[in-house]
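When you read off a place in the sequence shown, starting at 1, and then add 371, the result is the number in our numbering.
In this text, a Cβ means the ideal position worked out from N, Cα and C, and glycines have one as well.
Note that the coordinates shown come from a computational prediction; the quantities given were computed from them, not determined experimentally.
Worksheet for the structure shown next.
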Amino acid sequence: MRTLSPLRGLCLVAIASTPLMAGADPGEQAINRYCSGCHQAGGEDNGWSRISAQRKTPEGWDMTIARMQTMHGLELPLEARRDIVKFLADTRGLAPEESAPQRELIERRLNRIESFDHPSYQEMCARCHTGGRAQLQRRPLEEWERLVHFHVGQFQTIEYQAMARDRDWFELALDEIAPWLAETQGLESAAWDAWQAQDAVDPAGDWQLWGHWPGEGDFYADVTITAAEGEDAYALSLDGAFTDGRELDGAGQAIVYTGYEWRANLSLNGRDFKQVLDLSEARPGGRIFDDHDDAFGMRVEMAPREAAEPGLTASLPASLKAGTRSRLVLLGHGLADGEIDLGEGVSVREVIERGDHRLVLDVEAAADLTPGWLPVAVGDVGAETLLAGYQAVDRLEVSPALGVARIGNDRTPPVSGVFSALGYLGEGEDAIPLGQVPVRWSVAPWDEIAERDEDAKFAGVLDAATGIFTPAGAGPNPLRQYNANNVGNLRVTASVEGQEAVQDEAQLIVTVQRWNNPPLR
Numbered sequence: 372m373r374t375l376s377p378l379r380g381l382c383l384v385a386i387a388s389t390p391l392m393a394g395a396d397p398g399e400q401a402i403n404r405y406c407s408g409c410h411q412a413g414g415e416d417n418g419w420s421r422i423s424a425q426r427k428t429p430e431g432w433d434m435t436i437a438r439m440q441t442m443h444g445l446e447l448p449l450e451a452r453r454d455i456v457k458f459l460a461d462t463r464g465l466a467p468e469e470s471a472p473q474r475e476l477i478e479r480r481l482n483r484i485e486s487f488d489h490p491s492y493q494e495m496c497a498r499c500h501t502g503g504r505a506q507l508q509r510r511p512l513e514e515w516e517r518l519v520h521f522h523v524g525q526f527q528t529i530e531y532q533a534m535a536r537d538r539d540w541f542e543l544a545l546d547e548i549a550p551w552l553a554e555t556q557g558l559e560s561a562a563w564d565a566w567q568a569q570d571a572v573d574p575a576g577d578w579q580l581w582g583h584w585p586g587e588g589d590f591y592a593d594v595t596i597t598a599a600e601g602e603d604a605y606a607l608s609l610d611g612a613f614t615d616g617r618e619l620d621g622a623g624q625a626i627v628y629t630g631y632e633w634r635a636n637l638s639l640n641g642r643d644f645k646q647v648l649d650l651s652e653a654r655p656g657g658r659i660f661d662d663h664d665d666a667f668g669m670r671v672e673m674a675p676r677e678a679a680e681p682g683l684t685a686s687l688p689a690s691l692k693a694g695t696r697s698r699l700v701l702l703g704h705g706l707a708d709g710e711i712d713l714g715e716g717v718s719v720r721e722v723i724e725r726g727d728h729r730l731v732l733d734v735e736a737a738a739d740l741t742p743g744w745l746p747v748a749v750g751d752v753g754a755e756t757l758l759a760g761y762q763a764v765d766r767l768e769v770s771p772a773l774g775v776a777r778i779g780n781d782r783t784p785p786v787s788g789v790f791s792a793l794g795y796l797g798e799g800e801d802a803i804p805l806g807q808v809p810v811r812w813s814v815a816p817w818d819e820i821a822e823r824d825e826d827a828k829f830a831g832v833l834d835a836a837t838g839i840f841t842p843a844g845a846g847p848n849p850l851r852q853y854n855a856n857n858v859g860n861l862r863v864t865a866s867v868e869g870q871e872a873v874q875d876e877a878q879l880i881v882t883v884q885r886w887n888n889p890p891l892r
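Listed below in structure tokens is the structure:
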């Protein structure tokens with residue numbers, strides 16, 4: 372006979388009897404006040420039962436607190452919730468090495484196909500939520516086993532759902548999945564010990580940031596980060612432009628967790644975004660995205676504006692096509708002086724802007740430009756693999772390969788489908804990336820069923836110039852068979868302008884609204 376761990380009782384007001392410690396961290400005080408009524412304080416590490424036996428990302432800890440509130444009735448002021456998340460992420464978080472494999476999930480790059488080393492983990496766990504959600508936790512075996520008990524106790528139908536009723540889910544979870552997770556994602560790790568011994572990253576200062584805004588183009592910005600009131604809190608301002616000269620400005624507030632996990636609220640040209648960065652890298656990277664439409668976002672990189680050594684860090688765009696005139700932006704350090712040489716076949720018609728860390732140029736690539744890497748030199752600063760030239764695109768790659776968009780309405784905003792097409796010169800491992808190349812987008816039914824149901828007509832509209840799919844409205848559509856919702860199964864195709872034979876395609880599933888939107892899904 373199986374036995375389930377008893378679920379904890381309803382904690383309407385879990386006020387601990389433990390006295391508050393003078394001078395203690397605000398988060399530690401809040402845990403003692405609001406959590407230790409159920410999670411016993413003390414022990415060898417002066418921690419709390421269950422809590423101290425886990426490590427998670429900031430989002431993971433925030434989701435835990437949300438579950439305590441919704442399932443156990445915990446009453447917690449918003450400020451205390453923030454303090455607890457900060458304290459736990461700092462003291463029981465993940466090292467950069469541990470979070471790195473799941474950065475896509477942290478950055479809300481959700482259109483991805485997961486794979487795992489365990490043969491049944493996908494069917495056992497990653498059918499209800501992403502497998503990466505559990506991969507962003509660290510627990511000892513006992514806690515992984517308790518998580519299994521929690522799932523069966525809280526979600527009583529879990530063993531009768533698809534991909535579970537054809538196996539002994541409970542025994543398999545306890546005998547195979549929990550031990551595997553304890554072995555691969557145990558509480559103790561050398562990576563975490565080493566990271567705790569390091570000094571936290573201080574991001575205050577001047578930075579360069581660059582990326583590609585879907586539908587708008589490549590952009591760059593000078594970013595100034597200053598310390599703000601609060602532990603590891605910062606304010607930032609952005610002053611930049613798109614490569615076609617349109618202005619880009621913004622401001623925001625951020626907090627750093629675990630010494631490297633940057634989380635910010637930004638306003639860019641009047642639009643609100645979230646920003647996630649990994650500050651542990653010498654050149655921090657991450658993503659800016661719309662919290663209500665997280666498919667709409669942009670990968671960004673950032674580098675110190677005053678680098679220790681002169682050098683080139685980025686070229687916007689990443690390639691020049693033969694016989695065309697372009698606006699080229701070079702980012703780096705030590706660019707104020709010296710001759711500008713972009714290689715044979717590329718001429719500088721005008722220097723639009725020049726400073727120590729940025730060059731904005733009007734350039735022209737000759738019609739007989741030799742394809743390949745262009746040796747870029749600015750005075751004594753050079754780069755051999757920063758900017759490419761091409762006559763024709765040899766290969767196109769559309770991402771994501773599988774996209775998911777969601778119909779919506781005023782209560783549940785739609786989620787867009789956002790596609791990009793990257794060109795390559797050559798084939799195989801030696802292919803030269805050309806970055807974003809001019810393409811035309813089209814949409815068609817994915818299969819015979821989608822054609823029969825006219826999915827391409829009802830599911831939404833794909834912008835032929837940008838690759839952004841706007842879903843249709845939610846709710847039964849009387850024009851569709853059986854008054855079906857505006858869902859669909861579509862084929863999205865990109866074709867290189869002037870080279871229609873060079874194509875790539877992706878599948879787009881247009882589905883119904885998501886009613887539960889945790890940060891880690």
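For residue j and residue i, the rounded distance between their alpha carbons
i, j, result
"Leu805", "Tyr591", "18 Å"
"Trp563", "Gly641", "39 Å"
"Leu861", "Ala830", "9 Å"
"Lys457", "Val671", "25 Å"
"Gly705", "Pro809", "32 Å"
"Asn848", "Arg823", "16 Å"
"Ala460", "Asp546", "30 Å"
"Glu735", "Ser697", "6 Å"
"Glu478", "Pro890", "9 Å"
"Tyr795", "Arg504", "33 Å"
"Asp662", "Ser420", "33 Å"
"Met495", "Phe521", "14 Å"
"Ser560", "Pro550", "16 Å"
"Gly586", "Asp603", "34 Å"
"Thr441", "Met434", "10 Å"
"Ala835", "Ser813", "6 Å"
"His500", "Pro771", "19 Å"
"Val722", "Glu800", "35 Å"
Secondary structure of residue i, DSSP reduced to three states
i, result
"Val881", "strand"
"His663", "coil"
"Thr841", "strand"
"His410", "coil"
"Asn854", "helix"
"Gln532", "coil"
"Asn403", "helix"
"Trp817", "coil"
"Ser649", "For the record, residue 649 in the displayed sequence is Asp; it is not Ser. Asp649: strand per DSSP, three-state reduction."
"Pro467", "helix"
"Ala460", "helix"
"Ala437", "helix"
"Ala424", "helix"
"Ala707", "coil"
Opposing strand residues paired with residue i [DSSP bridges]
i, result
"Trp584", "Gly588"
"Gln527", "In the DSSP output, where bridge partners are listed per residue, Gln527 has none listed."
"Ile803", "Leu796"
"Trp566", "Answer is none; Trp566 lacks a bridge partner."
"Asn482", "Asn482 is not bridged to any residue."
"Arg862", "Ala815, Gln878"
"Ser770", "Ser791"
"Tyr605", "Ala598, Ala625"
"Asn636", "Gln624, Lys645"
Where residue i falls, given that 16 or more other Cβ within 10 Å makes a residue buried
i, result
"Tyr531", "exposed"
"Pro688", "buried"
"Phe526", "exposed"
"Tyr605", "buried"
"Glu600", "exposed"
"Asn888", "exposed"
"Val832", "exposed"
"Ser651", "buried"
"Ser718", "exposed"
"Asn403", "buried"
"Gly797", "exposed"
"Gln556", "buried"
"Trp578", "buried"
Contact belief for residue i with residue j at Cβ below 8 Å, rounded distance in angstroms
i, j, result
"Ser791", "Gly838", "6 Å"
"Glu514", "Ala424", "5 Å"
"Ala685", "Leu702", "4 Å"
"Ile778", "Asn857", "5 Å"
"Leu465", "Arg510", "Actually they are not in contact, since the Cβ atoms of Leu465 and Arg510 sit about 12 Å apart, beyond 8 Å."
"Arg654", "Met669", "At roughly 16 Å, the Cβ-Cβ gap does not stay under 8 Å, so Arg654 and Met669 are not in contact."
"Leu740", "Ala707", "Leu740 to Ala707, Cβ: 28 Å. No contact."
"Gln508", "Gly444", "Not confirmed; about 24 Å, so no contact."
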